[in-house]
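In what follows, a single structure is set out as structure tokens and then discussed.
Residue numbers (full-length UniProt numbering): 1 to 84.
Shown next, in the form of structure tokens:
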């Protein structure tokens, strides 16, 4: 006859999930107005820097290249005048 054994793990994992109201009172759920302005400023600088390097790229393609990289492929031939 086979002897069987049962073991119990004594470790317990506790995850404390705060209420939504706690996030709001701590101002950790949303960006502050200052953080939003800094993010916008940074994005505009990044877009302008890319467009100054690649003068033939339009705004839509610059946005896609920077922020949706899988939706556009980088092709050197699209920027021929920059490499001549």
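Ideal placement from N, C-alpha and C gives every residue a C-beta, glycine not left out.
Predicted, not measured: the structure shown is a model, and the values here were computed from it.
Would you check if the distance between the CB atom of residue 46 and the CB atom of residue 66 is smaller than 8 Å? yes
Less than 8 Å between the C-beta atoms of residue 51 and residue 62, yes or no? yes
In angstroms, rounded to a whole number, what distance separates the CA positions of residue 12 and residue 19? 22 Å
I need the straight-line Cα distance from residue 2 to residue 15, nearest angstrom please. 39 Å
C-alpha distance - residue 31 paired with residue 68, whole-angstrom precision: 22 Å
Please report the distance separating the alpha-carbon of residue 58 from that of residue 33. 29 Å
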